[in-house]
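Take the sequence shown: its letters are residues 1 to 328, numbered as in the numbering used here. Using N, Cα and C, we set each Cβ at its ideal position, and we do this for glycine too.
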Amino acid sequence: MILVCGGAGYIGSHTVFELIEDGKEVIVVDNLETGHKKAISNKAKFYNGDIRDRKFLEKVFKENKIDSVIHFAANSLVGESMENPLKYYDNNVYGTQILLETMNRHNVKKIVFSSTAAVYGEPKSIPIMETDKTFPTNPYGETKLTMEKMFKWADSAYGIKYISLRYFNVAGAHITEKIGEDHNPETHLIPIILQVALDKREKIFIFGDDYNTSDGTCIRDYIHVTDLAHAHMLALEYLNKANKSNIFNLGNGEGFSVKEIIEAARKVTGHPIKSEIGERRVGDPEKLVASSEKAKRELKWKPKYIDIESIIESAWNWHKNSPDGFKG
Ligand code: UFG
């Protein structure tokens with residue numbers, strides 16, 4: 001059985017869906033602080049609770065024969081982490097500590113976990129390689145890097161093997177349109193643009209056009225959530241076969257500026273999507289583009305959604321059909 005912590009969240013729920021499709025038995029643990037009950041496949045066994053609650057987690061491990069864990073349960077907003085860093089240390093770092101302790105007690109030795117491009121901070125060169133220096137510029141990235149280090153030492157002491165997946169900018173929705181991205185408040189670029197296309201917002205503010213890029217706006221590497229979900233399954237297979245810890249970047253290897261994303265969304269939606277230049281957002285790196293060659297080589301990962309319009313279109317299909325997200 002595979003335990004998915006944070007399986008009601010955006011990336012977690014898409015991964016649960018793929019695991020179930022693949023015939024796996026899945027247990028979801030989520031405290032529903034940011035996740036949605038409706039996003040959890042009804043074929044998964046669901047426990048509503050918090051990974052920081054030692055007794056609760058102990059019960060989950062006692063009641064199920066868990067052989068591996070996929071860990072998404074974390075807070076993940078850069079801005080919020082700057083204002084409330086200790087919330088991030090508590091949920092992300094302390095939560096992972098309890099999870100690792102419980103895994104060790106129950107002899108569960110395999111874990112795949114969500115890391116982030118934010119561990120690199122402002123990169124020195126593009127594309128970013130896994131071997132590049134990590135220098136997070138916000139508590140979110142710092143707590144994810146701390147989690148990676150906890151895993152490294154837990155491997156060396158207890159033999160818990162881990163795969164850390166460093167995601168770049170995740171977007172899109174499941175092809176069935178049953179699940180997709182629903183954050184409250186929404187802070188991410190593509191869903192905000194699509195809210196303008198749905199007339200739920202008047203315009204999108206572009207956070208700065210004075211960066212040292214071709215059109216002055218920030219560049220990011222966008223990857224489809226289903227491609228990301230597949231990478232988690234391949235990472236589990238890798239652990240089962242190679243029984244070795246490792247770290248992989250996951251992106252498409254191509255950068256798009258904020259203006260290019262807005263333009264692509266205009267094409268996909270046929271909506272004029274009004275925009276206005278605003279202030280820079282504190283902590284935004286200028287350019288983040290991944291090298292995912294290692295994941296392609298070692299995990300045999302092959303992203304399917306490689307053009308930006310198909311990623312935006314997939315997000316658009318979900319937002320059009322579920323304008324109020326999971327509340328609808
Ligand atoms: N942006 C705007 N206007 C908006 C929202 C975003 O111009 O209303 C810009 C941002 O400034 C940034 C780009 O769009 O340049 C993408 O912003 P997102 O908020 O969608 O994504 P981020 O790149 O900030 O964040 C992502 C992940 C984080 C991760 C981070 C690593 O969502 O979890 O990459 O830096 F930490």
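Contact test: residue i Cβ vs the ligand UFG heavy atom, cutoff 7 Å
i	result
I98	no
A173	no
N169	yes
S76	yes
H118	Here residue 118 is Ala; the residue named in the question, His, does not match the sequence. Because some heavy atom of the ligand UFG lies under 7 Å away, the Cβ of A118 counts as near it: yes.
R281	yes
D284	yes
I312	no
I128	no
L86	no
D134	According to the sequence displayed, residue 134 carries Thr and not Asp. No, Cβ of T134 sits at least 7 Å from all heavy atoms of the ligand UFG.
H71	no
R266	no
T187	yes
R166	no
F207	yes
L228	no
L288	yes
Y140	yes
V196	no
I11	no
V225	no
Where residue i sits in the DSSP three-state scheme
i	result
T213	coil
A171	strand
F46	strand
R220	strand
F326	helix
L77	coil
D30	strand
L198	coil
I128	strand
F151	helix
S314	helix
S41	coil
F256	strand
G141	helix
K51	Note that residue 51 is Ile in the sequence shown, not Lys. Note: I51 maps to coil in three-state DSSP.
V282	coil
E63	helix
E21	helix
P185	coil
I306	coil
T146	helix
P136	coil
N331	Residue 331 lies beyond the stretch modelled for the chain, which goes from 1 to 328, so this question has no answer here.
G121	coil
Cross-strand partners of residue i (DSSP beta bridge)
i	result
K110	K161
S115	R166
E276	F205
N249	R166
K287	I219
S13	DSSP, once it has assigned bridges, lists no residue as partnering S13.
V333	Outside the displayed span of the chain (1 to 328) sits residue 333, for which this structure offers no information.
Nearest-angstrom beta carbon gap, residue j and residue i [assumed within contact, 8 Å]
i	j	result
E18	M233	6 Å
G121	T137	4 Å
H14	T143	Not confirmed; about 23 Å, so no contact.
Y154	W318	Reading the sequence as shown, one finds Ala at residue 154 and not Tyr. About 37 Å separates the two Cβ atoms, so there is no contact after all.
Cutoff 8 Å: residue i Cβ touching any chain B Cβ
i	result
G172	Here there is only one protein chain, and chain B is not present.
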